[in-house]
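Engineer:
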Amino acid sequence: MLIIGGEGDLAFRKLYPALYHLDNDGNLPESMKIVGVARSKVEQDVFLQRVLDNLGLYVGGDGVDTTTWERFADRLHYSSADATSNQGMEELRNAFFAADDRDLIVYLATPPSIFAPICQTLHSVGLARSNTRIVVEKPLGDNRESFLEINHNLTSIFAEQQVYRIDHYLGKEAVQNLLALRFANTLFEPLWNYKFIDHVQITVAETVGVEGRWEFYDEAGALRDMVQNHLLQLLCLTAMEPPANLAADEVRDEKLKVLRSLKPIDSTNVKTHSVRGQYTAGAVDGNPVTGYCEEDGGKPGSDTETFVAIKAEIENWRWAGVPFYLRTGKRLPQRFSEIVIQFKQVPHFIFGEGGANNSPNCLVIRLQPDDSINLKLMNKVPGLDSSMPLQSVALDLSFSEAFADQRGANAYERLLFDVMNANPTLFMRADEVEAAWTWVDQIREGWRLAGKRVASYTAGSWGPSEAIALMAKDDRNWYDML
Ligand code: BG6
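All you need for my numbering is the position in the sequence shown, starting with 1, plus 1.
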C-alpha cells in the first residue's frame, strides 16, 4: 500500500491506526508493505516514532501491543518524494513496488487539486497497473462540475472498478447493520413504505465547531460537508429497494435510484423546505464557546451555514407523501447520529381515555456514539384501572451489550479491509456522487436565487427556531424534542 500524503493528518489519525488494528487482528497479508510518501524530509526512525505516538492517541482499548507494533513497524516505510514528479516516484517504485504481479493500493490522502498530476505520474512510472486500486475521499469537488473534472482525472487513468471513493459513514458498523436490520428480518420490510410510515428523520448532530479548519469549512458549509455525502448515504440505505444481493453494483444501483427520485429543491420551494443556520457564541457541555465567525482564522460577515435542515421528498411508489427530514449541525447540545422511523397511528383507536398517552410506534436506529436499536411500543400500564391506561415503552437493543466480547471495527478498518479484498460495495460509484451533487447544487442555487441567508443559533442549542418550525408546520416534531 502506498499512502500519498503519508505525513498528513488523515494518515496519522485514521489510516495508520486502522492498519495497525488490522495487523493486530491478523488481517494483513504477511508480506504486505505500507509506504508513506510525502515531500517533507523525515528520517525513517522519526517517522516511526510519529506513527507510534499517534497510535498511542488513536488506537484506544489497551493501547499499543508491543509484538504487533514490532511487526507493523517492519512493514512501514517512509519515503520523501514529490508524488507529481517522475524522478522521485521512479525511485520509489524501484525500491518498493518493482514486482508488478503484486496488488497495489494507492491511497490519495491529498487535496483533490493534485489528483490529476499524481495519477499522471503513477501512469508514467508504471504504477497505474491493472492490479492497482486507487482510494480517494471527500471533498470530491464542490459541485457537480468540479466533481466531474476530478473524476475525469481519475478515470482517464484508472477504470471505474479500480477507484474506491470513501464515505467513512458507510464503514460504520451501525450503518452496515441497517442493511441487516432491513433485509435479514421479515418484521420491518412489509411496513417499510408510505402505508405505515409517517415520516423519517435523519440527524447527525455534532458538539464540535470547525476544529481549526475555518477556511476550508467556510468554502464548504454543512450542506456540502455533510449532507451531500453522509446524510444522503444514510437516506439511500434507509429508502432503497431490497437489492438482489450484496454485490457492489446491485446495492449501488438501488441507492442511485433513490438519489434520482429526490424531488428537486430549488428557488421555488427552498424557503419552505430548508433551513440554514450559523452558530453564535454560547456554551456546549457547560463550556463557553465562541461564535463561528470568531473561531480561529474566522472572518466577520460569513454567510456559510454550520447547520442545515431539509425536508426531502422521494418521488416513487414506496415513499410517496413520506417526508425525510434531514438535519445536521455543529455546536449542537449533544453528539449523536440517528435515523428515526416514525410509524403512523393505528387506523382505529379503541382505548378511549386510557389512551391519552397514545403515541405511534417509532423505531430509532442510533449510529453513534453508541450503536443501538430502540423500538417504541404501546403497552398497558399494570394495575386495575378500568380506563386501561397505556404507555409507550421501548424495546432496547444495545450492540455493546449484545456483542460485549466483540470489538467493533472502526470505519477505516472496515473500508481498508474491503479495498484489500477488492470489495467495493461500501464505496460510492461515480454516478451516485454525481446524482448527489446534482440535488445539492440545486439547493445551493435555490438559496442564492431566493436570497436565503443563514439564521443564527446560539451554540449549544438545537439550531435556529426555523428548524423547529420546518417540522411544526407539518404537525411534527424532532424526535429529541418530544
Ligand atoms: C467529516 C466532516 O466528513 O465528518 C466533518 O468533514 C465532520 O466536518 C465529520 O465533523 C463527522 O464524522 P464522524 O464520524 O465524527 O461523525
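For glycine and all other residues, C-beta sits at the position ideal for the given N, C-alpha and C.
Here the structure is a predicted model, which is why all the values come from computation and not from measurement.
Once you ignore the five residues that flank E339 on each side, which residues in its own chain have a CB closer than 7 Å to its CB?
Structural biologist: Locating residue 339 in the sequence shown gives position 338, where the first residue counts as 1. Correct list, in chain order: T204, V365, I366, R367 and L368.
Engineer: Below 8 Å on the Cβ atoms is my guess for G37 versus F48; work out the distance and round it to an integer in Å.
Structural biologist: Counted from its first residue, the sequence shown places residue 37 at position 36. Counted from its first residue, the sequence shown places residue 48 at position 47. Contact flag correct, Cβ pair sits at about 7 Å.
Engineer: With a CB to CB cut of under 6 Å and the five nearest residues on each side skipped, what residues in its chain are close to T439?
Structural biologist: Here the question's residue 439 lines up with position 438 in the sequence shown. For T439, where only same-chain residues beyond five positions count, the Cβ hits under 6 Å are R145.
Engineer: Are the CB atoms of Y280 and R332 within a distance shorter than 9 Å?
Structural biologist: Position 331 of the sequence shown, counted from the first residue, corresponds to residue 332. Position 279 of the sequence shown, counted from the first residue, corresponds to residue 280. Contact flag set, yes.
Engineer: At which residues does the alpha helix (DSSP H) containing K256 begin and terminate?
Structural biologist: Position 255 of the sequence shown, counted from the first residue, corresponds to residue 256. K256 -> alpha helix (DSSP H) spans A249 to S262.
Engineer: Ignore the nearest five residues each way along the sequence and tell me which others in A403's own chain have a CB closer than 8 Å to its CB.
Structural biologist: Sequence index remark: in the sequence shown, residue 403 carries index 402 (1-based). Closer than 8 Å at Cβ, skipping near neighbours: no residue.
Engineer: Check whether the stretch 208–218 and the stretch 341–357 are in contact - that is, three or more C-beta pairs closer than 8 Å.
Structural biologist: With the cut-off at 8 Å, the stretch 208–218 and the stretch 341–357 do not touch.
Engineer: Taking the alpha carbon of L450 as the point to measure from, which residue in D442, A456 and S457 has its own alpha carbon closest?
Structural biologist: Position 449 of the sequence shown, counted from the start, is the residue given in the question as residue 450. Of the listed residues, the one whose Cα sits closest to L450 is D442.
Engineer: Under 7 Å Cβ to Cβ from R477, same chain only, skipping five residues before and after it: list those, please.
Structural biologist: The count along the sequence shown starts at 1 and reaches residue 477 at position 476. Once the five neighbours on either side are set aside, the close Cβ partners of R477 are H200.
Engineer: What's the call for I351, buried or exposed, on a 16-neighbour Cβ count within 10 Å?
Structural biologist: By one-based count along the sequence shown, residue 351 stands at place 350. Exposed.
Engineer: Can you grab the Cα-Cα spacing for the pair P465 / Y17, in whole Å?
Structural biologist: Reading the sequence shown from its first residue, position 464 is the one you call residue 465. Reading the sequence shown from its first residue, position 16 is the one you call residue 17. C-alpha separation (whole angstroms): 39 Å.
Engineer: Please tell me whether, using a cut-off of 8 Å, the distance from the CB of S303 to the nearest non-hydrogen atom of ligand 1 is below it.
Structural biologist: The residue labelled residue 303 in the question sits at position 302 within the sequence shown. Incorrect: S303 has no Cβ contact closer than 8 Å to ligand 1.
Engineer: Span of the beta strand (DSSP E) holding N288?
Structural biologist: The sequence position of residue 288 within the sequence shown is 287, counting from 1. Residues N288 to V290.
Engineer: Could you tell me how far apart the beta carbons of L20 and L417 are, in whole angstroms, since I believe they sit closer than 8 Å?
Structural biologist: Here residue 20 refers to the residue found at position 19 of the sequence shown. Here residue 417 refers to the residue found at position 416 of the sequence shown. 6 Å between Cβ atoms; contact.
Engineer: Figure out for me which residue from S86, N87, L56 and T133 has the closest Cα to the Cα of F73.
Structural biologist: The residue labelled residue 73 in the question sits at position 72 within the sequence shown. With distances taken between Cα atoms, F73 lies closest to L56.
Engineer: Could you tell me which of A223, K42 and S262 sits nearest to L327, measuring between CA atoms?
Structural biologist: By 1-based counting over the sequence shown, the position of residue 327 is 326. Ranking the options by Cα distance to L327, first place goes to A223.
Engineer: Please tell me whether, using a cut-off of 8 Å, the distance from the CB of K331 to the nearest non-hydrogen atom of ligand 1 is below it.
Structural biologist: Sequence index remark: in the sequence shown, residue 331 carries index 330 (1-based). Yes, ligand 1 has a heavy atom inside 8 Å of this Cβ.
Engineer: Rounded to whole angstroms, what's the CA-CA distance from A206 to E314? Just pull it up for me.
Structural biologist: For the purposes of this step, residue 206 is taken as the residue at position 205 of the sequence shown. For the purposes of this step, residue 314 is taken as the residue at position 313 of the sequence shown. For A206 and E314, the distance between alpha carbons rounds to 21 Å.
Engineer: Please tell me whether, using a cut-off of 8 Å, the distance from the CB of E207 to the nearest non-hydrogen atom of ligand 1 is below it.
Structural biologist: Numbered from 1 along the sequence shown, position 206 holds the residue referred to as residue 207. Yes, ligand 1 has a heavy atom inside 8 Å of this Cβ.
Engineer: Residue range of the beta strand (DSSP E) that H274 falls in?
Structural biologist: Reading the sequence shown from its first residue, position 273 is the one you call residue 274. No beta strand (DSSP E) holds H274; the alpha helix (DSSP H) holding it covers V271 to H274.
Engineer: For the stretch 277–326, which segments carrying the beta strand (DSSP E) assignment without a break, of at least 3 residues, lie completely within its bounds, in sequence order?
Structural biologist: DSSP runs (the beta strand (DSSP E)) wholly in the stretch 277–326: 283–285, 288–290 and 308–313.
Engineer: Curious, which full-length alpha helix (DSSP H) runs of at least 4 residues does the stretch 391–469 contain?
Structural biologist: Qualifying alpha helix (DSSP H) stretches, in chain order: 400–403, 412–421 and 431–451.
Engineer: Taking Cβ positions, are I115 and T85 nearer each other than 9 Å?
Structural biologist: As a working note, residue 115 is residue 114 in the sequence shown. As a working note, residue 85 is residue 84 in the sequence shown. Yes, Cβ-Cβ distance for I115 and T85 is below 9 Å.
Engineer: Please confirm whether any heavy atom of ligand 1 lies closer than 8 Å to the CB of D481.
Structural biologist: Position 480 of the sequence shown, counted from the start, is the residue given in the question as residue 481. Result no, Cβ not under 8 Å from ligand 1.
Engineer: On the DSSP bridge list, what partners appear for L77?
Structural biologist: Against the sequence shown, residue 77 aligns to sequence position 76. Looking at the DSSP assignment, L77 forms a beta bridge with I35.
Engineer: Cα-Cα, which of D432, T239 and S125 is closest to A181?
Structural biologist: For the purposes of this step, residue 181 is taken as residue 180 along the sequence shown, with counting starting at 1. Checking every option, the nearest Cα to that of A181 belongs to T239.
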